[in-house]
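Protein chains in written order, with the working numbering: chain A, -12 to 95; chain B, 3 to 111; chain C, 1254 to 1782. From the three backbone atoms N, C-alpha and C, an ideal C-beta is built for every residue, glycine too.
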Amino acid sequence: MMRIDEHPILGKQEEKRVVEFTLDGQIIMGFEGEPIAAALKAAGVMIHRYTKKLHQPRGIFCAIGRCTDCVMVVDGKPNVRTCVTSLKAGMNVQTQFGVSAKTQTGEV
Amino acid sequence: MSKLKERMSGIGEFMSQPDDQLIICRCEEITKGEIRKAVHDGMFTMTEIRRYLRTGMGLCQGLTCASMVKRIVARELLISSMELEPAVSRAPMRPVEMKIFGNEEKEVK
Amino acid sequence: MERYDLIVAGAGPAGLSAAIEAAKRGLRVIVFDENEKPGGQLFKQIHKFFGSKEDKAKIRGFKIGKDLLEEANKCGVEVVLNAIVIGLYLDKEVTVKIGDGIQHFKGDTLIVATGASENMVTFDGWTLPGVIGAGAAQTMMNLHHLKPGNRILMLGSGNVGLVVSFQLMQAGCEVVALVDAAPKVGGYGVHASKIARCGVPFYLSHTIIKAEGEQFVNGVIIGEVDSSWEMISGTQKHFDVDTICLAVGLSPMSQLLKMAGCHMKDTPGGYIPECDEKGATSVPGIFVAGDVSGIEEASSAMIEGRISGIAAAEYLGFIDKEELKKSIEKQEKALISLREGMFAPENRGRSIKKTEEGIDVSINLLKKGYIEETEIERFPGFTKCKGVHPVIECTQNIPCNPCQEACVKKCIKIGEKITSLPAIDETKECIGCGMCVASCSGQAIFLVNEEYEQGYAAITLPYEFLPLPEVGSQGKALDRSGKEICAAKIIDVKTKKAFDYTHLITMKVPADMSRKARFFVNSRRCEDE
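Printed below as a string of structure tokens:
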């Protein structure tokens, strides 16, 4: 369980609405308004995308929207930085292959 | 041709190293070996390297790899990294979608 | 296009401080920040700051951020978030991406306070998911209440590596090792001691050879390097980890200034604009403040921000040269004081052998992260008295003095020069209130009573973890290196608002352990291992 229930200095996290979203079709729960990457991390997801040339796995690296390693296809739009994009109910998140919204087999 | 030869004199031949496979530019997946080889192909400035290899031209626009590429190029040129002029800094400072770049707001919100 | 007296790029400690000082003198100020929340790095800092009262010592970073924001709002400063300054042009015109459009602004003066970005280090497997920056770990833990992983290896022994390692433990993670290629610890000794006494092993002169795993990190191999950074064969060590955290330094993010045409210089500390002591660059009307002009601390960033905000006001004629001189005199003095001591910029790279008082520094502290028992007696904070008394294990000259202010009985003395080592005044009587223990930002003060009971000593130490031990719990005491040395029983637990989440736990240990025992773990935890 990656979420911190009670932090020795920060206490408990402020109440947030729990919402559903999907990752590659699977339903995952997260807090409304938290970064998509945070909800994925809490759910144990490590891989966000595979690179274009060498098909290597990438995940969160800088977590502040600079390195662009955490980008995924969100609601059909590719290259969305999941670490600085807020989660909304019903979001459709997909593992990104390369730099476009095409799937592994080349479909959009 | 002689101008190229002039530039290249003194830096020696390209010798492969054990860590040439290391990825340096994460966005464009360019390795250390490719950067080093580019210097021996005659690319001596950061701007040339960027245009030749696309290091620093990916999604993060060089925020992650710029210093490392500079260090590698400098070492290959047998000079200190501080003697090498960094690549030109231009707008936009962060990746911006073309449709937003083209949406200049006349009135300040 | 809207025109402002002052445009500030960056709403971190430097940017906000600059905006406040300028607004106080009548300037119309707007601040842009690319993040969702202002405060820069401040909101990720959950530890108590060092320095003096004026530098907000003893206060946790996120509280300083909150106070700065409130002050900025009170002064009428406009702060626009999710606003990226994407271009800075010669006539002090900026283009800003706000929402789905680009807006133009003109500033009569401009202050660039865009801070720094993390340095990179490469090794086989460094692009695997599970390798993260130290800033990423802090963002996940302190902003999003998430553990970055369960078993972490930290690379880097500067203040960032040390402080984030402690924060990782506070978040419930295990830090299996702290590694640095340098031969000695780069950050404050007290930060290192905090994690060494919890059992985190230090591997100096070591570097990462490989991050293992196919799809994500599941292990790491490190090896020792010699003085020419060459790997020594046969020194490889393997750790099971799911996260590797990189804390290998920061570099100024000065691209905007280069774009604006400022004269720049490449230094070992990064590519920075040439500027004077007021932060004025070579382009009239463009100033810099904070990490973007050279990596220091948040405290220095705030002072530099104030100075450049006041300088911008003078540049535009809102105040005259006399007032400028008077206003920044106090700030400059404070800045000089922060830049003194063992970690002063001028001392970087130098090997300091003695403290300002002439005492040999602890070599073990620099090599292993903790003070050897034989070394501790040299220092003025270490004394033996009848009854309960403080023992201060602060052995390096750093600008910091909350302990002196904390003691109502005046037992602790530092003096005018705040880099002096704290000393105990043995003529004063300690009442055992524990304020000094809770006030020390480095958690380096303990209360010791060598004669608590026949054959037993009592030691009070600062404790910032959960779960908090209960009175009566049996466990083990650890020494400064994190080794279990004896049985210990908790006899008191104090939690007070004035302590600001630093709980005080008192443990009873055999009397001959009074100079060694410095941390407590519950028996239950020992059994699990």
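Limits of the beta strand (DSSP E) - the one that residue i falls within
i, result
"Phe1540 of chain C", "1539 to 1541"
"His1756 of chain C", "1756 to 1763"
"Ala1430 of chain C", "1427 to 1433"
"Ile15 of chain A", "13 to 18"
"Pro65 of chain A", "64 to 68"
"Val1338 of chain C", "1336 to 1342"
Beta-carbon proximity list for residue i, same chain, < 7 Å, skipping 5 on both sides
i, result
"Val1536 of chain C", "Ala1513, Gly1514, Cys1515"
"Trp1312 of chain C", "Note that residue 1312 of chain C is Ile in the sequence shown, not Trp. Lys1301, Phe1302."
"Met1254 of chain C", "His1357, Phe1358, Lys1359"
"Gln91 of chain A", "Phe84"
"Gly1452 of chain C", "Leu1731, Gly1735"
Beta carbon of residue i nearer than 8 Å to that of residue j
i, j, result
"Met59 of chain A", "His42 of chain A", "no"
"Phe1492 of chain C", "Lys1447 of chain C", "no"
"Ser1305 of chain C", "Asn1650 of chain C", "no"
"Ile1475 of chain C", "Val1432 of chain C", "yes"
"Ala1500 of chain C", "Leu1408 of chain C", "yes"
"Phe1455 of chain C", "Lys1621 of chain C", "yes"
"Ala1642 of chain C", "Val1701 of chain C", "Reading the sequence as shown, one finds His at residue 1642 of chain C and not Ala. Yes."
"Gly1196 of chain C", "Ala1390 of chain C", "Any question about residue 1196 of chain C goes unanswered here, given that chain C covers just 1254 to 1782."
"Thr1713 of chain C", "Ala50 of chain A", "no"
"Ala1533 of chain C", "Gly1543 of chain C", "no"
"Asp1353 of chain C", "Ser1552 of chain C", "no"
"Ser1410 of chain C", "Val1438 of chain C", "yes"
"Gly20 of chain A", "Leu74 of chain A", "yes"
Contacts of residue i in chain B (Cβ-Cβ under 9 Å)
i, result
"Asn1775 of chain C", "Result: empty, since nearest Cβ-Cβ is about 42 Å, beyond 9 Å."
"Val5 of chain A", "What Val5 of chain A touches in chain B: nothing, since even the nearest Cβ is about 31 Å away."
Contact list for residue i against chain A, beta-carbon separation under 9 Å
i, result
"Leu65 of chain B", "Cys49, Arg53, Cys54, Thr55"
Listed by chain order, chain A residues near residue i by CB distance under 8 Å
i, result
"Cys24 of chain B", "The sequence given here places Leu at residue 24 of chain B; Cys does not occur at that position. Under the 8 Å cutoff, chain A gives no residues; its nearest Cβ is about 12 Å from Leu24 of chain B."
"Gln1298 of chain C", "By Cβ distance, chain A contributes nothing, its closest Cβ being about 10 Å from Gln1298 of chain C, past 8 Å."
N- and C-terminal bounds of the alpha helix (DSSP H) containing residue i
i, result
"Ser1418 of chain C", "1412 to 1423"
"Gln91 of chain A", "Neither: Gln91 of chain A is in no alpha helix (DSSP H) and is coded neither H nor E."
"His42 of chain B", "34 to 42"
"Gln1508 of chain C", "1508 to 1513"
"Val1443 of chain C", "1442 to 1449"
Cβ neighbours of residue i in the same chain (closer than 8 Å, five flanking residues each side left out)
i, result
"Asp1361 of chain C", "Arg1256, Tyr1257, Asp1258, Leu1259, Lys1345, Gly1538, Leu1569"
"Ile1339 of chain C", "Thr1348, Val1349, Lys1350, Ile1355"
"Asp21 of chain B", "Lys34"
"Cys1779 of chain C", "Unreliable placement is indicated for Cys1779 of chain C, whose pLDDT of 45 sits below 50; no coordinate value is reported for it."
"Gly31 of chain A", "Met(-11)"
"Ile13 of chain B", "Val41, His42, Glu78, Leu79, Leu80"
"Gly1314 of chain C", "Gln1294, Leu1295, Phe1296, Lys1297, Gln1298, Ile1299, His1300, Phe1302, Ala1551"
"Lys1606 of chain C", "Asp1613, Val1614"
Spatial neighbours of residue i in its chain, beta-carbon cut-off 6 Å, leaving aside the 5 residues before and after
i, result
"Thr9 of chain A", "Asn79"
"Glu1782 of chain C", "Note that Glu1782 of chain C scores a pLDDT of 40, beneath 50, so its modelled location is shaky and nothing firm can be said."
"Lys39 of chain B", "Phe16"
Residue i versus the options, residue with shortest Cα-Cα distance
i, options, result
"Phe1358 of chain C", "C:Thr1348, C:Arg1771, C:Gly1388, C:Ile1612", "C:Thr1348"
"Ala1597 of chain C", "C:Val1541, C:Asp1745, C:Gly1440", "C:Gly1440"
"Gln1468 of chain C", "C:Ser1561, C:Gly1378, C:Asp1519, C:Val1644", "C:Gly1378"
"Gly1442 of chain C", "C:Gln1696, C:Glu1287, C:Val1661", "C:Gln1696"
"Tyr1623 of chain C", "C:Met1373, C:Lys1319, C:His1397, C:His1444", "C:His1444"
"Arg96 of chain B", "B:Gly60, B:Ala89, B:Val75, B:Pro88", "B:Gly60"
"Ser1270 of chain C", "C:Ile1684, C:Met1688, C:Lys1316, C:Leu1322", "C:Leu1322"
"Val71 of chain B", "B:Gln19, B:Asn105, B:Arg28", "B:Arg28"
"Ala68 of chain B", "B:Leu6, B:Ile81, B:Glu87", "B:Glu87"
"Met1766 of chain C", "C:Gly1708, C:Asn1335, C:Val1332", "C:Gly1708"
"Ile1273 of chain C", "C:Ile1560, C:Lys1681, C:Ser1726", "C:Ile1560"
"Glu1609 of chain C", "C:Ala1740, C:Lys1531, C:Thr1672", "C:Thr1672"
"Ile1791 of chain C", "C:Pro1401, C:Cys1693, C:Phe1752", "The structure shown has nothing for residue 1791 of chain C, since chain C only spans 1254 to 1782."
Chain C contact residues for residue i, given Cβ-Cβ distances below 7 Å
i, result
"Gln13 of chain A", "Within chain C, no residue comes near Gln13 of chain A; the closest Cβ sits about 17 Å away, beyond 7 Å."
"Gln0 of chain A", "His1398"
Proximal chain C residues relative to residue i, where beta-carbon distance stays under 8 Å
i, result
"Ile102 of chain B", "Lys1350, Asp1353, Gly1354, Ile1355"
Contacts that residue i makes with chain B (C-beta to C-beta distance below 7 Å)
i, result
"Asp1519 of chain C", "Met84"
"Lys40 of chain A", "Glu31"
Contacts that residue i makes with chain B (C-beta to C-beta distance below 8 Å)
i, result
"Thr82 of chain A", "Those do not exist, as Thr82 of chain A stays about 16 Å from chain B at its closest Cβ, beyond 8 Å."
"Asn1372 of chain C", "Ser69"
"Val1338 of chain C", "Met95"
Neighbouring residues, chain C, relative to residue i (Cβ below 9 Å)
i, result
"Glu106 of chain B", "Thr1348, Gly1354, Ile1355, Gln1356, His1357"
"Gln43 of chain A", "Thr1380, Leu1381"
Residue i: CB within 7 Å of a non-hydrogen atom of the ligand COA
i, result
"Ala68 of chain B", "Looking at this structure, you won't find the ligand COA or any other ligand, since it has none at all."
Within chain A, partners of residue i - CB distance below 7 Å
i, result
"Cys62 of chain B", "Arg53, Cys54, Thr55"
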